[in-house]
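> Before anything else, here's the structure in question.
Numbering (UniProt numbering), first residue to last: 1 to 517.
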């Protein structure tokens, strides 16, 4: 009887111990599993039998412990073969070596990563599995961010660096190495001398001085210098670095940027600017010549021809009178040409700034100036009520004078000129797009006449300087009037266009920014 009581007590102690151990194992944050090998006919391990799994597996996945105990490991979940878990468990059992690895599982579309430690224990192996899915997710996000940063650096032709002033080492991004001609980063963290050896011999002393001075003052570094890469390619690099304290040390964090293209473009731009300055200088010299050196002798020619005509016209024969008339006509054309050239060249170089002007008043001034011509041709000029704009008054007068004057000039014989000026307001935006005009509200002025017109294929050519569609003997002019109109309108941030058909009149349309913009 005492033996039976002792045996019952021993069984009770073992059950209590088992319950305690299971409770203890279930309280662990890790999944703990005990597997025993299953041998085949040739004595090789062909699978493992699941002898024990704690309840932590149910918290991480949808798996049930009661469904797993006693099952063949690979039969229950073939993933253990695919992700290397079976081979690691087999190796651990055979060699007794503790093995660590990081398998991936998918349970009902839920991805779970484990950090696994396999230890041999008596007749089987124990697996300790820690859920590292969040760490893997963060790791993947960090990898994506690093790849994006690397790609951004590549696109921007930049690289980043971190310089530890305490030990002198540089932590360089991959793109810094590529900028210096390397395909891959170097294994060891380089020092400042590694960078300096690429600096061009003409810049090296200056770069060293800047860095030495900044280490003392801790002032921001922002310098551009020439480098010779490991492949002997010459580049221009801009370096920006900021000093940051950290306990008893200082760090410099910054960027390297390949500015070769910008420097080359800047050199080209400087060359173009020098050419432009020369052209402007030549133009100013031309203006001086045109305004004085050409006009002064021309005035004398006209004066002496006028005197000759007055004193000798009664004694000249028909042929001589014809010659004299042509000389008078040619000098007048030359005077108009010089005047128009001066007007054209000075449109962009004005002391007068735009002010609010009433186009109705501009029109009245122009019609008064053209009064004689209008009376001679019995012309009719009608206009809608015109708006106020921001503009230069005498340029607007010149614009109206040239457009209306052309309508009076280019008329078929025995035709009474009729000129209409229509006004409307239009809006230019993504839906109503007009080439060369920015978005906004515009005044649309249409100058419509019943003149000889022109072939529509020449609608752009007529605004070019010195372009004439008719012979000088047919219609007077210098070929500058419409070119001046175009330049005036563009100087006011507007646009001028023309449409026509031969013998059907012409329409010149002017778009000028509204004051409401």
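Backbone N, C-alpha and C fix where the C-beta goes; we use that ideal spot for every residue, glycine too.
1) In the structure shown, what three-state DSSP assignment does residue 362 receive?
2) Does the Cβ of residue 425 have 16 or more other Cβ atoms within 10 Å, making it buried, or fewer, making it exposed?
3) For a quick check, are the C-beta atoms of residue 362 and residue 396 less than 7 Å apart?
4) Classify residue 331 as helix, strand or coil using the three-state DSSP reduction.
5) Compute the Euclidean distance between the alpha carbons of residue 464 and residue 282, then round it to the nearest angstrom.
6) Using the beta-carbon count (16 or more within 10 Å), is residue 34 buried or exposed?
7) Decide if residue 471 is buried, meaning its Cβ has at least 16 other Cβ atoms within 10 Å, or exposed.
8) What is the DSSP secondary structure of residue 401, counted as helix, strand or coil?
9) Let me check understanding here. Comparing Cα to Cα, which of 101, 115 and 300 lies closest to residue 31?
10) Alpha carbon to alpha carbon, how far is residue 276 from residue 227? Give it in angstroms, no decimals.
11) If we ignore side chains and look at the alpha-carbon of each, how far apart do residue 451 and residue 263 end up?
12) Could you check where the alpha helix (DSSP H) with residue 79 kicks off and where it finishes?
13) From residue 136 to residue 71, what does the alpha carbon distance come to, in whole angstroms?
14) How many angstroms separate the CA atom of residue 38 from the CA atom of residue 123?
15) Flag residue 56 as yes if its beta-carbon sits less than 7 Å from any beta-carbon of chain C, otherwise no.
16) Verify whether the separation of the beta carbon atoms of residue 210 and residue 223 is less than 7 Å.
17) For residue 474, is the classification buried or exposed, using 16 other Cβ atoms within 10 angstroms of its Cβ as the cut-off for buried?
18) In this structure, what does DSSP give as the bridge partners for residue 115?
19) Is residue 315 a contact residue of the ligand ADP, with contact defined as CB to any heavy atom under 6 Å?
20) Find the nearest neighbour of residue 232 within the set 218, 241 and 197, judged by alpha-carbon distance.
21) Closer than 6 Å by C-beta to residue 98: which residues in its own chain qualify, once you throw out the five before and the five after it? Chain order, please.
22) Under 6 Å Cβ to Cβ from residue 509, same chain only, skipping five residues before and after it: list those, please.
23) Output the distance between the C-alpha atoms of residue 416 and residue 408, rounded to the nearest integer angstrom.
24) Leaving out five residues before and five after residue 214 in sequence, what residues of the same chain have Cβ atoms less than 6 Å from its Cβ?
25) Jot down the residue ranges of each uninterrupted beta strand (DSSP E) in the region 418-505, minimum 3 residues, whole runs only, in chain order.
26) Would you kindly check if the distance between the Cβ of residue 453 and the Cβ of residue 501 is under 7 Å?
27) Please report the distance separating the alpha-carbon of residue 88 from that of residue 162.
28) Suppose the cutoff is 8 Å on Cβ atoms and the five residues either side in sequence are ignored; what does the same chain contact list for residue 168 look like?
29) Can you grab the Cα-Cα spacing for the pair residue 298 / residue 406, in whole Å?
30) Are the Cβ atoms of residue 106 and residue 133 separated by less than 7 Å?
On the basis of the data shown:
1) Here residue 362 is taken as the residue at index 362 of the chain shown, counted from 1. Here DSSP, grouped into helix, strand and coil, assigns residue 362 to helix.
2) Taking the first residue of the chain shown as position 1, residue 425 is located at position 425. Its Cβ having fewer than 16 others within 10 Å, residue 425 is exposed.
3) Walking along the chain shown from the start, residue 362 turns up at place 362. Walking along the chain shown from the start, residue 396 turns up at place 396. The criterion of a C-beta distance shorter than 7 Å is satisfied by residue 362 and residue 396.
4) Position 331 of the chain shown holds residue 331. The answer is helix: DSSP assigns residue 331 an H, G or I state.
5) Translated into the one-based positions of the chain shown, residue 464 becomes position 464. Translated into the one-based positions of the chain shown, residue 282 becomes position 282. Near 21 Å, if we compare the C-alpha coordinates of residue 282 and residue 464.
6) Taking the first residue of the chain shown as 1, we reach residue 34 at position 34. Here residue 34 is buried: its Cβ has 16 or more other Cβ atoms, across all protein chains shown, within 10 Å.
7) Taking the first residue of the chain shown as 1, we reach residue 471 at position 471. Note on residue 471: pLDDT 44, under 50, position unreliable in the model; no value is reported.
8) In the chain shown, residue 401 corresponds to position 401, counting from 1. Here residue 401 carries a helix assignment [DSSP, helix/strand/coil].
9) Walking along the chain shown from the start, residue 31 turns up at place 31. Per the Cα distances, 115.
10) Here the question's residue 227 lines up with position 227 in the chain shown. Here the question's residue 276 lines up with position 276 in the chain shown. Straight across, the Cα-Cα distance linking residue 227 with residue 276 is about 32 Å.
11) One-based indexing of the chain shown puts residue 451 at position 451. One-based indexing of the chain shown puts residue 263 at position 263. Rounded to whole angstroms, residue 451 to residue 263 spans 55 Å at the Cα level.
12) Against the chain shown, residue 79 aligns to sequence position 79. If you look at residue 79, you'll find it in the alpha helix (DSSP H) that goes 79-82.
13) Taking the chain shown and counting its residues from 1, the one referred to as residue 136 is at position 136. Taking the chain shown and counting its residues from 1, the one referred to as residue 71 is at position 71. Approximately 30 Å, taken between the alpha carbons.
14) Along the chain shown, read from residue 1 onward, the residue named residue 38 stands at position 38. Along the chain shown, read from residue 1 onward, the residue named residue 123 stands at position 123. Cα to Cα, residue 38 sits roughly 11 Å from residue 123.
15) Among the protein chains of the structure shown there is no chain C, as only one such chain exists.
16) In the chain shown, residue 210 corresponds to position 210, counting from 1. In the chain shown, residue 223 corresponds to position 223, counting from 1. Contact: yes.
17) Residue 474 sits at position 474 when you count from the first residue of the chain shown. Any reading at residue 474 must be qualified, since the residue scores a pLDDT of 46, below 50, and its modelled position is unreliable; the value itself is stated next. It is exposed - the Cβ of residue 474 has fewer than 16 other Cβ atoms within 10 Å.
18) The residue you call residue 115 lines up with position 115 of the chain shown. Beta-bridge pairing links residue 115 to 130.
19) In terms of ligand content, the structure shown is empty, and the ligand ADP therefore cannot be addressed.
20) On the chain shown, residue 232 is found 232 positions in, with the first residue counted as 1. Of 218, 241 and 197, the residue nearest in Cα terms is 197.
21) Reading the chain shown from its first residue, position 98 is the one you call residue 98. Here residue 98 has 119 as same chain residues with Cβ atoms under 6 Å from its own Cβ, once five neighbours each way along the sequence are excluded.
22) Numbered from 1 along the chain shown, position 509 holds the residue referred to as residue 509. Closer than 6 Å at the Cβ level, and outside the excluded window around residue 509, lie 446 and 497.
23) The residue labelled residue 416 in the question sits at position 416 within the chain shown. The residue labelled residue 408 in the question sits at position 408 within the chain shown. Between residue 416 and residue 408, the C-alpha separation is close to 9 Å.
24) Against the chain shown, residue 214 aligns to sequence position 214. Only 221 meet the Cβ criterion.
25) Within the region 418-505, complete beta strand (DSSP E) segments of at least 3 residues are found at 418-428, 440-449 and 495-500, given in chain order.
26) The residue you call residue 501 lines up with position 501 of the chain shown. The residue you call residue 453 lines up with position 453 of the chain shown. The criterion of a C-beta distance shorter than 7 Å is satisfied by residue 501 and residue 453.
27) What you label residue 88 is simply residue 88 of the chain shown in a count that begins at 1. What you label residue 162 is simply residue 162 of the chain shown in a count that begins at 1. Distance between the alpha carbons of residue 88 and residue 162: 41 Å.
28) Taking the chain shown and counting its residues from 1, the one referred to as residue 168 is at position 168. These residues qualify, in order along the chain: 191 and 192.
29) Locating residue 298 in the chain shown gives position 298, where the first residue counts as 1. Locating residue 406 in the chain shown gives position 406, where the first residue counts as 1. One C-alpha to the other measures close to 26 Å.
30) Numbered from its first residue, the chain shown carries residue 106 at position 106. Numbered from its first residue, the chain shown carries residue 133 at position 133. Contact flag unset, no.
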